[in-house]
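Below: the structure, in structure tokens.
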Amino acid sequence: MTDAAHDRLARRQAREKARMADHLAELAGLVRPLPGQASVASHNPLQAAISLVAEALGFTLRVPTLPDNASVRVILRAAGCRYRRVALVGDWPAQAAGPLLAFYGPEAQPVALLPAHRPGAAWRIHAPNQAPRALTAADRAALQSGAVQIYRPLQARLGGMFAILGFALDGRQLDLTLIGMLALAVGLLGLVVPVATGYLVDTVIPSASHYELLQLSLGLIAIAIASAMFQLTQRFAQLRLEGQADAQLQSAVWDRMLRLPATFFRDYTAGDLAGRANGISQIREALSGTTLSSVLTSVFALLSLGLMFLYSPMLALVGLMLALVLLVTSAVFTLAALRHERELAGIAGRIDGILLQLLSGIGKLQAANAELRAFLCWSQVFARQQHHVIAAGRIQNITETIQAVYPVLGSMALFASLAFLLGDDAITTGGFLAFNAAFGVFLGGLLGLSQTLIGVLNIVPLYERARPILEAEPEVDFNKADPGELTGDVEVSELRFRYERDGPPILDGISFRVSPGEFVAIVGASGGGKSTLLRLLLGFEQPDSGGVYFDGQDLAGLDVSALRRQLGVVLQQQHVMSGDILRNIIGNTGRTLADAEEAARRAGLDADIARMPMGMHTLVGDAGDTLSGGQRQRLLIARAIVDQPRLLILDEATSALDNATQARVSESLAALDCTRIVIAHRLSTVREADRILVLSDGRLVEEGSYSVLMKQNGLFTHMAERQIS
């Protein structure tokens, strides 16, 4: 058995052990752990501490069996969690937004730092296999300055709008309970005013008791102050709840977006997709925070209905019928407006996409004198949007008018009922005034509840637009095999692919193999399938038949994220990020300034950077607009090689370079210890290739070195002659 086969067998056995451990953990989870006891057992202290942080965030960490010396990066990537490093400086407990992974003492023992479980309590420190304890000043001094904040990922699928709310509010039970109790207190205090009104009119005023009047006044003032304080505390709790929920949900949504396959993004414009993703946060906002408080306050205001029945069952029935009429009317107009809201949500996505495209290409539009056509393209969609805005606005105006006059109409109906349906002695004056006050509280709560429900119904279109993001299958599957360290061996076997099921084949039975360290070039006419072949090599597309193999492992069974981390790639439409040159080169690889300078030297960009005002820290502007085409390409090449990849894939990566610069870059890349697969139209780029593959209409028609192909008088020879002539 070869070493590679032995490694694959060992990894498969490790995955089987990990699955067994997961199943045993699920069985063990059926029994509630003892207080202070972690529900995860791991011989790796770092993994155990990370598991404690994950439990505090509300999810279970699932990772395959890893070496004892596995780093934070390796463990969290294997678990599918994103993270960022933070510094424990100053009054960090007051600033931290959630549990942290930290390192204790000179031995850097991994520990979990857990936030206070109730207001006023201290943070807790939880070391693996120990009970959590309060974080003391001595503990804070012993902590190392660097810590890690972990982000909880979304589960594979969310079941609906309320599943989004459940994810966002998970672990926020304390704030939810506090908001609910305060809303109940405010609702109960609101019942005092009608009772006090009745007592004032029926008892205090007839007896002319100044003492009772003073007591009643002081009591009502105290109730008003208490109610104001309760509502202020409630608002602070809502603010904290919304901030934490939004941070948890938004980070998880964008993590999901970054894990979706490239084919998903082909169906949407960037502006439309950004609107869909931001709509998830709007759904959370509509279902939590202020809306949640409004629902609770309104529901508890409905307690006034019981008080109404206590004073006069007949009048209470009249009030209840008035409330039902209001609810039915609101429902009818809300459903009428919902149709326009659906249209508006879809049109908003189209407008976002159009605006982003127009603004991104404003220079090209001006060069082509196409500003008028661009304006017409936007104005047609904008006119449709405004049509629905006006229609929805009319319905909203009618609804708001009805809700504004309804309390007056309700009071008139109550007076009429009192005059014509009940006798003179049916209810006392104070009782009626108390009933009327209770009816006002009841109707106010009902109006608030109806407005809240209208807002909730209006998020249905937002959910319908966000659903593709939530239901799409992530490309990254952490249950798939880790490819291990690549050697650079690549094999393509009988590869067939078409973009549409009924469309023409883009690749038709292509087979070849690239040995470690080999330089293979792919050439051919435009539309021959070269770039599509690279997309299949990168796992962006799935073949109809055949396969792609790295070190003998089928790409279909590999973790593509772990694979791509070992690749250096420059594609045709790749862009430079806004920011400085250093960040563009090293990204989040953890490489240093020296590594970036070496990569820039190999890419032939070092002299250009030396002439820039701030060197590596020079800002390149939006999409690298301040750089020339050749500088952008060399910057992308430097980014591709800075992490010393085992396989380098370049698609027209030097097309904007002059011959001298291209020769210098090619010479530097040839010195790299990696396999190179290069697509180029300029045949001078591939003259030194070990092999050249010639594609035509999705088929591999010629293969060989430059000199061999030139002697065959085939397609490659004709291409070379056309370029020379």
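Here the sequence shown is numbered in the UniProt record's numbering, starting from 1 and rising by one per residue. Even glycine gets a Cβ: it sits at the ideal position worked out from N, Cα and C. What you are looking at is a predicted structure, and each value in this text was computed from that prediction instead of being measured.
Residue 491 is bridged by DSSP to 513 and 549.
Rounded to the nearest whole angstrom, the CA to CA distance from residue 694 to residue 701 is 6 Å. Per DSSP, residue 697 lies in no alpha helix (DSSP H) segment and is marked neither H nor E. The Cβ neighbour count for residue 488, taken over all protein chains shown within 10 Å, is at least 16; the residue is labelled buried. In the three-state reduction of the DSSP assignment, residue 574 falls in the coil class. Collapsing the DSSP output to three states places residue 264 in a helix.
Note on residue 527: under 16 other CB atoms within 10 angstroms of its CB, so exposed under the neighbour-count rule. Residue burial is scored here from C-beta neighbours: residue 718 has fewer than 16 other C-beta atoms within 10 angstroms and is therefore classed as exposed.
The beta carbon of residue 346 sits closer than 8 Å to those of 461 and 465, all from its chain and outside the five residues before and after it, given in chain order. Contact annotation, residue 603 with residue 637: C-beta distance approximately 4 Å; criterion of less than 8 Å satisfied. For residue 234, the enclosing alpha helix (DSSP H) has its first and last residue at 210-259.
Annotation: the stretch 63-132 contains the following complete segments of the beta strand (DSSP E) (minimum length 3 residues), in chain order: 82-87, 100-104, 109-114 and 124-126. Ranking 359, 529, 671 and 258 by CA distance to the CA of residue 698 puts 529 first. Taking C-beta separations shorter than 7 Å and ignoring five residues to either side along the sequence, the partners of residue 475 in its chain run 259, 260, 261 and 560, following chain order. The three-state secondary structure of residue 559, taken from DSSP, is coil.
Pairwise C-beta distances place the stretch 498-513 out of contact with the stretch 632-648, as fewer than three of them are shorter than 8 Å. For a cut-off of 8 Å, the C-beta gap from residue 146 to residue 85 is around 6 Å, short enough to register as a contact. In chain order, 287 place their CB closer than 8 Å to the CB of residue 162, counting only its own chain and leaving out the 5 sequence neighbours on each side. Cβ neighbours of residue 606 within its own chain (closer than 6 Å, five residues either side excluded): 600.
Annotated three-state conformation of residue 648 is strand, per DSSP. Each of 577, 586, 537 and 620 was checked against the Cα of residue 677, and the nearest Cα belongs to 537.
Taking a contact as a CB-CB distance under 8 Å, the pair residue 233 and residue 182 counts as one, their CB atoms being some 6 Å apart. Taking a cut-off of 8 Å on C-beta distances, the stretch 186-205 touches the stretch 435-450, as three or more cross pairs fall below it. Bounds of the beta strand (DSSP E) holding residue 677 are 675-679. Sorting 66, 532, 106 and 56 by C-alpha distance to the C-alpha of residue 100 places 56 at the top. A contact between stretches requires three or more CB pairs, one per stretch, nearer than 8 Å, and the stretch 345-360 meets this requirement with the stretch 265-280. Remark: C-beta atoms of residue 685 and residue 662 approach each other more closely than 8 Å. Residue pairing of residue 703 in beta bridges, as defined by DSSP: 693. In the structure shown, residue 191 falls within a coil segment according to DSSP collapsed to helix, strand and coil.
In this structure, the CA atom of residue 659 is about 26 Å from the CA atom of residue 714. Taking C-alpha positions only, residue 336 is separated from residue 391 by approximately 10 Å. Secondary structure of residue 687 (DSSP, three-state): coil. Residue 459: not part of any alpha helix (DSSP H); DSSP gives it neither H nor E. In this model, residue 408 and residue 414 are separated by some 10 Å (Cα to Cα). Going by C-alpha positions, residue 46 is about 7 Å away from residue 72.
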